[in-house]
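Report on one structure; see the data block that follows.
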Amino acid sequence: MPRGGFSHAERRTINKLILDGAETGVPPPQCDHGPAMRFRRVTKGVDGSIVSSRDFYACSAIRDRKICPLFVWVDEHERHGAEHPAKRIRRVGPARQYEKTENKANAQYFFSNEALSVIEKYISKHGYRRVLCLGTPVVHRRLREENNMDAFLLDMDSVVVEEAGTLGARFNG
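Position 8 of the sequence shown, counted from 1, bears residue number 8 in the UniProt record's numbering, the numbering being contiguous throughout.
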């Protein structure tokens, strides 16, 4: 019999997003993807009754803990407050901003010159003067540098956003 005396057939664990989180005065931990989200891990018995439940914080953008290891039990975070060692989990930024990566958390869209030209022509044809680039720093750079267009970049990669300066902001939508 598995640890704890329950078989998988006898219990079920579910993680639920907590939207009405009680404010404790301690801000949630953060990683490079932004503030963590609060979840509740609920374990139910075979009869549907709740066996246990505990709240935790996890990355708001990446669910794969191999990519973003942010995971903190809420009660431990509140006890340790801002000094908790998991308060900031940092990842190393890419060596070159637009270098191809196998890391799906930091993946970039790559556009051929032909694709970039199609985007530029479409924007020009329809008379758009301002463009919002969502997670597409290559398009943003091309529009700004080659077309002198008013473009704003939203991206979750802090390195990319930092380079965009006042023409970019972080988001993880």
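Even for Gly, the Cβ is constructed at its ideal location relative to N, Cα and C.
Once you ignore the five residues that flank residue i on each side, which residues in its own chain have a CB closer than 6 Å to its CB?
i, result
"C31", "C59, C68, L70, I89"
On the DSSP bridge list, what partners appear for residue i?
i, result
"A169", "L154"
"residue 183", "In the structure as shown, the chain starts at 1 and stops at 173, and residue 183 therefore has no counterpart that could be examined."
"K16", "R40"
Use the C-beta contact count for residue i: other C-beta atoms within 10 angstroms, 16 or more gives buried, fewer gives exposed.
i, result
"V74", "buried"
"R129", "exposed"
"R38", "buried"
"G127", "exposed"
"T136", "buried"
Distance check for residue j and residue i, CA to CA, integer angstroms please.
i, j, result
"V159", "T43", "39 Å"
"R141", "T13", "45 Å"
"S49", "I18", "19 Å"
"I123", "V139", "12 Å"
"E120", "S112", "12 Å"
"E114", "F171", "28 Å"
"V46", "L134", "44 Å"
Using a Cβ-Cβ cutoff of less than 8 Å, which residues in the same chain neighbour residue i once the five nearest sequence positions on both sides are dropped?
i, result
"A36", "P28, P29, Q30, Y57, A58, C59, S60, L70, V72"
"D150", "R129, R130, V131"
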